[in-house]
Amino acid sequence: MASLGSIRRDFEPWNDPNAKPYIRFENVTKRFGDFTAVNNLSLTVFEREFFALLGASGCGKSTLLRMLAGFEEPTEGRILLDGQDLRGIPPYRRPVNMMFQSYALFPHMSVEKNIAFGLKQEGMPKADIEKRVAEMLKLVKLERFAKRKPHQLSGGQRQRVALARSVAKRPKVLLLDEPLGALDKKLREETQFELMDLQQNLGLTFVVVTHDQEEAMTMADRIAILDKGEVMQVATPTEVYEAPSSRFVAGFVGNVNMFEGNVASRDATTARITGASGAEIVVDNVGEAGAGADVAFAIRPEKIKVSSKRPAEAVNALEGEVYDIAYLGDMTVYHVKLDDGQVVRASVLNAARMADDPLTWNDRAWISFRPDAGIVLAR
Amino acid sequence: MSVASSAAATSGSAEKPVLARFGSALASRLVIIVPYVWLAFFFLIPFVIVFKISLSQTAIAIPPYAPVLGFGDGVAGFVEALKELSFDNYVWLTQDPLYFNAYVSSVVIAAISTVLTLLVGYPIAYGMARAPAALRPTLLMLVILPFWTSFLIRVYAWIGILKPEGLLNQFLMGVGIISEPLIILNTYAAVFIGIVYSYLPFMILPLYSSLEKMDYSLIEAAKDLGCPPTAAFWKITFPLSLPGVIAGCLLVFIPAVGEFVIPDLLGGSQTLMIGKTLWNEFFANRDWPVSSAVAVILLLILIVPIVFFQQAQARAQEQGR
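Here the protein sequences come in this chain order: V and R. Take the first sequence: its position 73, counting from 1, is numbered 73 in this note's numbering, and each next residue is one higher. With the second sequence counted from 1, adding 379 to any position gets you this note's numbering.
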């Protein structure tokens with residue numbers, strides 16, 4: 001069997017012009033009174049995709065999910081699933097299932113009754129239900145807990161019951177509302193990989209809502225970043241991180257340093273950017289910005305080097321003073337206050353046990369980075 | 380050094396001075412004793428007195444029964460008086476069918492009224508629990524509001540509504556639905572109306588509290604799994620509100636069995652209920668011993684559902700809800 005990685009590597013229907021989208025949000029707007037939760041939003045999700053809706057609370061991501069499940073109807077626009085307009089179809093007739101943030105397990109039913117609930121509604125024969133429930137219990141490794149009531153389970157076990165219940169009906173699309181939100185960090189990381197395996201093995205389309213960017217980056221094929229009911233960017237985790245389309249996305253996903261400046265000159269690929277204090281940097285990936293444009297150069301902390309002397313070969317090097325040091329175990333984060341007052345965050349992997357270039361508070365230090373290490377964003 | 384001192388500090392906080400520990404144990408015991416003292420004074424002792432009277436015989440005296448227990452004649456006299464007690468009155472209750480019929484009729488009337496109250500109260504409680512959160516305290520207030528007027532006055536008011544020339548008949552005849560006045564007052568229907576009206580808040584409040592704390596996402600989950608709204612109600616909402624249903628039913632049933640005012644004022648002379656029988660024995664016949672026996676049996680009948688209620692509550696608590 002092919003490894004999970006190789007399957008996922010070749011999966012990119014969004015780059016295939018002939019691929020038919022599975023879920024389609026077409027100019028969807030949702031208003032609650034005078035509050036606009038979702039504003040003229042269009043999105044497509046492909047079959048078997050693991051799609052994440054990422055955003056801060058109140059950005060409209062849960063509303064989007066609830067509209068797909070049928071608990072809310074769009075005020076304007078339409079949602080298509082496999083070519084069918086979902087408008088007016090009640091939740092109990094939609095071929096989607098949802099895993100709730102609170103899990104919403106039925107407290108008066110045992111684990112197996114919870115899992116069998118949806119199958120009974122379908123009118124599946126009893127023998128088949130038993131078989132499917134046993135299969136689901138095995139899948140989430142809860143065979144021994146079949147007769148327990150939800151309140152007799154741990155948080156992690158409840159989460160798995162909720163998952164088993166929502167996939168038992170083999171829905172066309174599984175909607176997951178903050179599926180790992182209530183778990184502690186360690187369990188969350190384990191479960192992320194379990195969810196990915198499950199999605200791959202069952203061949204389902206997953207739409208997951210999360211506010212946790214790491215979770216979205218780990219699990220999703222593509223991420224939609226939402227803000228105030230609008231899509232800011234839809235892209236693979238790598239693209240979102242390496243090539244954010246806007247300052248909002250750059251700031252929302254991971255940490256970022258922004259150098260504000262003005263394009264002094266540019267040729268086909270490289271440009272010189274002058275900062276307010278006169279410092280000049282040379283960068284690639286200029287994008288559309290022409291000479292004279294106000295731009296920001298965004299660069300991730302791990303792409304900045306910190307050293308006590310100016311590296312000889314460096315194209316871009318700025319001098320400052322070590323302002324703060326945070327030792328995190330696997331890496332050390334330096335806050336360097338440049339001479340123009342800007343504080344730059346640089347993280348250095350602690351691969352060697354002792355740093356060969358020890359730096360401490362208030363030392364003079366140089367930060368340096370390659371021209372292609374960051375990205376130029378319009379201001 | 381620092382390890383040793385922190386260990387000492389921990390053991391110091393764990394072992395309080397002996398006197399303080401004794402004091403706090405005494406305080407917690409006192410708190411537990413208070414309700415028991417209350418029960419002993421206001422339930423157990425009166426009950427023992429009533430039970431003793433039920434074992435006595437009627438007498439033309441003050442108080443109107445004999446023997447009267449006391450230590451006026453010393454311990455020997457007390458023992459002598461004890462020997463005169465008998466279960467004659469209980470035997471009497473089994474011999475006259477009036478009492479048996481009154482008990483059965485009371486239980487049946489109370490049971491029917493309880494079911495009717497549940498049917499009326501459930502939709503109200505459900506509506507309240509689903510109302511916008513800001514509106515709920517007001518609705519709750521409206522349910523409790525009738526308690527601010529005297530119970531007796533409210534029952535009298537129903538006479539004005541239900542009597543042949545009362546408000547209800549005037550309205551129905553005025554609208555033209557009926558041409559002859561309906562005879563409701565002094566029938567069992569009036570008793571049911573009276574009980575349902577009077578005890579409705581006792582049904583609504585426990586139902587509301589169990590429905591209100593129910594997580595609405597459970598209903599959404601049921602719908603999501605293919606359950607239409609009506610089925611979701613019977614499979615999720617109703618089973619989860621059962622503790623409230625049981626509590627509400629018992630809070631209505633238990634006092635309704637012994638109800639006296641409503642059958643007396645609204646039910647007329649031919650309604651047979653044990654509360655009325657008791658009243659008659661006590662005030663009309665001045666037969667304290669028999670009426671005490673009636674009261675003791677009534678208590679025994681009611682203890683059964685109360686024990687059932689307590690067990691149901693213990694079970695619900697065990698389930699962590």
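Just so it is clear, CB atoms sit at the ideal spot from N, CA and C, and this is done for glycine as well. Bear in mind that the values here come from a model prediction, so they are computed numbers and not experimental data.
Check	Outcome
Starting from the beta carbon of Glu599 of chain R, find every residue of chain V whose beta carbon is closer than 9 Å, and list them in chain order.	Arg66, Ala69, Phe71, Pro91, Met98, Phe100, Ala104
In chain order, what residues of the same chain lie with their CB nearer than 7 Å to the CB of Leu590 of chain R, ignoring the 5 residues before and after it?	Ala504, Tyr505, Ala508, Ser620, Gly623
Could you tell me the distance, in whole angstroms, from the CA atom of Ala388 of chain R to the CA atom of Val343 of chain V?	For Ala388 of chain R, the predicted model reports a pLDDT of 42, less than 50, meaning its position is unreliable; a value from the coordinates is still stated below. When rounded, the distance between both Cα atoms is 45 Å.
Using a Cβ-Cβ distance cut-off of 8 Å, determine whether Leu607 of chain R contacts chain V.	In the sequence as presented, Leu is not what sits at residue 607 of chain R; that position holds Pro. Yes, its Cβ sits closer than 8 Å to a Cβ of chain V.
Counting only the same chain and skipping the five closest in sequence on each side, list residues whose C-beta sits under 8 Å from that of Leu202 of chain V.	Val167, Arg170
Going by DSSP in three states, His335 of chain V sits in which element: helix, strand or coil?	strand
Can you tell which of V:Asp34, V:Thr44, V:Asp16 has the C-alpha that lies nearest to the C-alpha of Val231 of chain V?	V:Thr44
Looking only at DSSP bridge pairs, what is Ile375 of chain V linked to?	V:Ala298
Kindly indicate which residue of R:Val636, R:Gly449, R:Glu660, R:Lys614 has the alpha-carbon position closest to the one of Gln121 of chain V.	R:Lys614
Apply the 10 Å Cβ neighbour rule to Asp452 of chain R and answer buried if 16 or more other Cβ atoms are within range, or exposed otherwise.	exposed
Flag this pair as yes or no: are the beta carbons of Ile680 of chain R and Ile574 of chain R separated by less than 8 Å?	no
Could you pull out every residue in the same chain whose Cβ sits closer than 6 Å to the Cβ of Met196 of chain V, ignoring the five residues on either side in sequence?	Met219
Is the stretch 203-214 of chain V close to the stretch 42-61 of chain V, with three or more CB pairs under 8 Å?	yes
Measuring only the C-alpha atoms, how far is Ile129 of chain V from Asp221 of chain V?	32 Å
Shortest alpha-carbon distance to Ile583 of chain R belongs to which of R:Phe466, R:Ala693, R:Thr493, R:Asn468?	R:Thr493
Can you grab the Cα-Cα spacing for the pair Glu242 of chain V / Met124 of chain V, in whole Å?	48 Å
Taking only the alpha-carbon atoms, compute the straight-line gap between Asn285 of chain V and Asp603 of chain R and give it to the nearest angstrom.	47 Å
Just to confirm my understanding: we take Val429 of chain R, look at its own chain, exclude 5 residues before and 5 after, and list those with CB closer than 7 Å. What are they?	Ser671, Ala674, Val675
Below 8 Å between beta carbons: does that hold for Phe571 of chain R and Ile685 of chain R?	no
Under a CB-based cut-off of 8 Å, is Pro179 of chain V close to chain R?	no
By alpha-carbon positions, which one of V:Val322, V:Ala182, V:Leu318 ends up nearest to Tyr103 of chain V?	V:Ala182
Check whether chain R comes within 8 Å of Gly278 of chain V, counting only Cβ atoms and requiring the distance to be less than that.	no
Is DSSP giving Ile598 of chain R helix, strand or coil here?	helix
Pick out whichever of V:Met99, V:Phe106, V:Ala378, V:Ile281 has its Cα sitting closest to the Cα of Phe369 of chain V.	V:Ile281
Looking at the C-beta of Pro618 of chain R, does it have a partner C-beta in chain V at a distance below 8 Å?	yes
Are the Cβ atoms of Ala37 of chain V and Gly70 of chain V separated by less than 8 Å?	no
What is the DSSP secondary structure of Ile281 of chain V, reduced to helix, strand or coil?	strand
Identify which residue in V:Val253, V:Arg247, V:Lys149 has its Cα closest to the Cα of Ala298 of chain V.	V:Arg247
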